[in-house]
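So that you can map any letter, position 131 of the sequence shown is 120 in this note's numbering, and since no number is skipped, the others follow by simple counting. Even glycine gets a Cβ: it sits at the ideal position worked out from N, Cα and C. The structure appears below as structure tokens.
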Amino acid sequence: MSRDIDLEVVEVDTDAESGYGESAQSEWTSLRSSIMNYHYENGRRYHAYHAGSYWYSSTSSTITPINTNQLSKPSHHVFNLLLDGKLYLAPIPEDVEQVLDIGTGTGVWAMFVPPPHLHTNQNRTNDHSDFADTHPAARVIGTDLSPIQPTWIPPNLHFEVDDCCDDWVYGKDSFDFIHVRGLYGCVADWDKFYKEALDYLEQVEVSVVPKSDDGSTNNTVFEEWGKVSLQAGDAFGKTLRIVDEAKEKMIKAGFVDVQEHRFKCPVGPWAKDPRLKVLGKYNRLQWEMGIEGWSMMLLTRFLNWTRQEVEVYLARMRQGLRDPSIHAYQEKYV
């Protein structure tokens, strides 16, 4: 087992305030050029299949009207920037044949086209475009709780409505590569999940606890966010702590040669490094677009907050996201 840690102190840009004036909507408008049935609750739309089993809602009739079937999410750009444009880090062969993408969402990993600054002249299929197109010999399956994926897809890709927490319909050794990203808060029994997924697995997860190297998140709404989020996940019965537990659970399930890579992902364009500055801008945009969907169900159902209390809390959080004196980052693990 080996571990590659990319957690050096991130240097702060002393002239970063210029990146804190735009609205989330105007940022999305400028950034996006480069880049059935549902259950409704508190103005948010949730999956109908296994309703209540998933806490996140990406769609609201009252917030930014973004069609997730047509637009790539900022979260995917964050991961691609973080991984230098790569769709995965695993050393899988280019002629991989059977691939499963669990929690595929809009299918953006399976059929993503990157923004121009990620295009490269290097002949490396992992550095650009989408997995299905760059691996034409592979049969790629994407699964999720809702059929929100596009209908025009590569011939070697298809999507299925499925809950990865159910008993798997796939037999052992059915896949050469299983890709998982952002299942924190989605799985009640991770030990069972890892036993089902005991093939060649790459998992990408995110810490919900913002941190800072200079202590600027201490005693702020960011610190409160981390504590409240973990508490809500525990009450839900589907932990948000898997980012810290995945490695040991995978080893326990029987995985071998488990490698872990950690990265710091700024929240906001406060970093001095140009790449991290862009990354932070996308990540903040992801937060501003996502925090209501991340928190509304968890806080109202499981911590007994009112909708109004959540909205006040989120207003404070949005103020914090635009505060250039707070140098928050998330840890993201592969």
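*Three or more C-beta pairs below 8 Å linking the region 201 to 208 and the region 139 to 157*: In this structure the region 201 to 208 does not lie against the region 139 to 157, because fewer than three pairs of beta carbons, one per stretch, are closer than 8 Å.
*Pull up the CB-CB distance for G158 and L190, whole angstroms please, since I reckon it's below 8 Å.*
As a working note, residue 158 is residue 169 in the sequence shown. As a working note, residue 190 is residue 201 in the sequence shown. Correcting the residue type first, residue 158 is Val in the shown sequence and not Gly. Contact between V158 and L190 is absent: CB atoms are separated by about 18 Å, not below the 8 Å threshold.
_When S196, P139 and G160 are compared against K321, the one with the closest alpha-carbon_ = Residue mapping note: residue 321 aligns to position 332 of the sequence shown, counting from 1. Among S196, P139 and G160, the Cα nearest to that of K321 belongs to S196.
*Would you check if the distance between the CB atom of Y183 and the CB atom of A242 is smaller than 8 Å?*
As a position in the sequence shown, residue 183 is number 194, starting the count at 1. As a position in the sequence shown, residue 242 is number 253, starting the count at 1. Yes; because the gap between Cβ atoms is below 8 Å, this pair is in contact.
*asked:* Pop quiz: L310 and E281 are said to be a contact at Cβ under 8 Å. What is the actual Cβ separation, rounded to whole angstroms?
replied: Position 321 of the sequence shown, counted from the first residue, corresponds to residue 310. Position 292 of the sequence shown, counted from the first residue, corresponds to residue 281. Taking the Cβ atoms as the reference, L310 lies roughly 13 Å from E281, outside the contact range of under 8 Å.
*asked:* Applying the 10 Å Cβ sphere with the 16-neighbour rule, what's the burial state of N58?
replied: For the purposes of this step, residue 58 is taken as residue 69 along the sequence shown, with counting starting at 1. Any reading at N58 needs caution, since the residue's pLDDT is 38, under 50, leaving its predicted position unreliable; the model's value is listed next. Burial call: exposed.
*Counting only the same chain and skipping the five closest in sequence on each side, list residues whose C-beta sits under 7 Å from that of F211.*
Locating residue 211 in the sequence shown gives position 222, counting from the first residue. So the qualifying residues of the chain are P199, G309, I315 and A317.
*Tell me, to the nearest whole angstrom, how far the beta carbon of V88 is from that of A127; I am working on the premise that it is less than 8 Å.*
Looking up residue 88 in the sequence shown gives position 99. Looking up residue 127 in the sequence shown gives position 138. Right, the Cβ-Cβ distance comes to about 5 Å (below 8 Å), so this counts as a contact.
*Assign P82 to buried or exposed, taking buried as 16 or more other Cβ atoms, counted over all protein chains shown, within 10 Å of its Cβ.*
Walking along the sequence shown from the start, residue 82 turns up at place 93. Label assigned to P82: exposed.
*In whole angstroms, what is the alpha-carbon distance linking E194 and W294?*
Stepping through the sequence shown from its first residue, residue 194 is reached at position 205. Stepping through the sequence shown from its first residue, residue 294 is reached at position 305. Their Cα atoms are separated by approximately 27 Å.
*asked:* Along the chain, where does the beta strand (DSSP E) containing Y318 start, and where does it finish?
replied: For the purposes of this step, residue 318 is taken as residue 329 along the sequence shown, with counting starting at 1. Segment Y318 to Y322, the beta strand (DSSP E) holding Y318.
*asked:* Below 7 Å, is the gap between the Cβ of G92 and the nearest heavy atom of the ligand ZN?
replied: Although the ligand ZN was asked about, the structure shown includes no ligands whatsoever.
_Own chain, CB closer than 7 Å to A99, minus 5 neighbours either side, in chain order_ = Counting from 1 along the sequence shown, the entry for residue 99 is found at position 110. Once the five neighbours on either side are set aside, the close Cβ partners of A99 are D90, T93, D119, F120, A121, V129, G131 and L146.
*Using the Cα positions of R307 and A235, report the straight-line distance between them to the nearest angstrom.*
Taking the sequence shown and counting its residues from 1, the one referred to as residue 307 is at position 318. Taking the sequence shown and counting its residues from 1, the one referred to as residue 235 is at position 246. Their Cα atoms are separated by approximately 30 Å.
*Would you grab the beta carbon distance between Q220 and L292 for me? Rounded to a whole angstrom, and I think it's under 8 Å.*
In the sequence shown, counting from the first residue as 1, residue 220 sits at position 231. In the sequence shown, counting from the first residue as 1, residue 292 sits at position 303. At roughly 7 Å, the Cβ-Cβ gap stays under 8 Å, so Q220 and L292 are in contact.
*If you drop the 5 nearest sequence neighbours on each side, which residues of the same chain put their C-beta closer than 6 Å to that of A177?*
The residue you call residue 177 lines up with position 188 of the sequence shown. Only G226 and K227 meet the Cβ criterion.
_Per the DSSP calculation, A260 is bridged to which residue(s)?_
Numbered from its first residue, the sequence shown carries residue 260 at position 271. BP columns for A260 point to V1.
*Range covered by the beta strand (DSSP E) that runs through I91*: Within the sequence shown, the letter at position 102 stands for residue 91. From DSSP, the beta strand (DSSP E) with I91 extends over Q87 to I91.
*What residues are listed by DSSP as bridge partners for V129?*
In the sequence shown, the residue the question calls residue 129 occupies position 140. Beta-bridge pairing links V129 to V88 and L146.
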